[in-house]
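Structure first, then comments.
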Amino acid sequence: MNFEGIPNRSSEVKKWERILFLPILPLLVISIALGWNVLLLVLFGFTILTQGFIYNLYRKEGRGKEFLVRMSIPLLATLVILAFFGFEYFFKN
Numbered sequence: 053m054n055f056e057g058i059p060n061r062s063s064e065v066k067k068w069e070r071i072l073f074l075p076i077l078p079l080l081v082i083s084i085a086l087g088w089n090v091l092l093l094v095l096f097g098f099t100i101l102t103q104g105f106i107y108n109l110y111r112k113e114g115r116g117k118e119f120l121v122r123m124s125i126p127l128l129a130t131l132v133i134l135a136f137f138g139f140e141y142f143f144k145n
């Protein structure tokens, strides 16, 4: 358990979280700096798929509800940002 009383993630979940989210951050910074909206759309789409995969890992451990409680705000933020950049790319051009 950690300080908040939430059980620690298994090593399998930690491994996959690191592998899947590590390449996103540098690509996100580069695409924002260069204004590549297509790359942003791909990255945010990949992020949503990644969160779905990690949710399945949590669900296999019987902790799916915990993941939904902890990750609902990042998922909603990703969906809002994806909608914003999608609208900007498809309807402003």
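The sequence shown runs 53 to 145 under the numbering used here. Ideal Cβ positions, reconstructed from N, Cα and C, are used throughout, including at glycine. Keep in mind that this is a model prediction, so the values were computed, not measured.
Using CA coordinates, which residue listed in the options is at the minimum distance from residue i?
i	options	result
Leu101	Glu140, Phe143 and Leu131	Leu131
Ile71	Ala85, Gln103, Val94 and Glu113	Gln103
Leu134	Ser62, Glu64 and Leu95	Leu95
Ser63	Leu93, Leu120, Glu113 and Ile125	Glu113
Val65	Leu93, Ser124 and Phe105	Phe105
Give every residue of the same chain whose Cβ lies closer than 6 Å to the Cβ of residue i, excluding the five residues on either side of it in the sequence, and list them in chain order.
i	result
Phe89	According to the sequence provided, residue 89 is Asn. The question's Phe does not apply to it. Closer than 6 Å at Cβ, skipping near neighbours: Phe137 and Tyr141.
Phe55	Any reading at Phe55 needs caution, since the residue's pLDDT is 47, under 50, leaving its predicted position unreliable; the model's value is listed next. Around Phe55: no qualifying Cβ.
What distance in whole Å lies between the Cβ atoms of residue j and residue i, which are believed to be in contact at a cut-off of 8 Å?
i	j	result
Gly116	Tyr107	6 Å
Leu109	Trp68	6 Å
Using beta-carbon positions only, say whether residue i and residue j come within less than 7 Å of one another.
i	j	result
Leu77	Ser83	no
So residue i is in the alpha helix (DSSP H); what residue range does that whole segment cover?
i	result
Leu72	Ser63 to Phe73
Arg115	Where Arg115 is concerned, there is no enclosing alpha helix (DSSP H), given that its DSSP letter is neither H nor E.
In chain order, what residues of the same chain lie with their CB nearer than 7 Å to the CB of residue i, ignoring the 5 residues before and after it?
i	result
Phe73	Thr102
Met123	Gln103
Thr99	Ile76 and Thr130
To which residues of the same chain is residue i closer than 8 Å at the C-beta, ignoring the five residues directly before and after it?
i	result
Leu120	Tyr107
Leu80	Leu92 and Leu95
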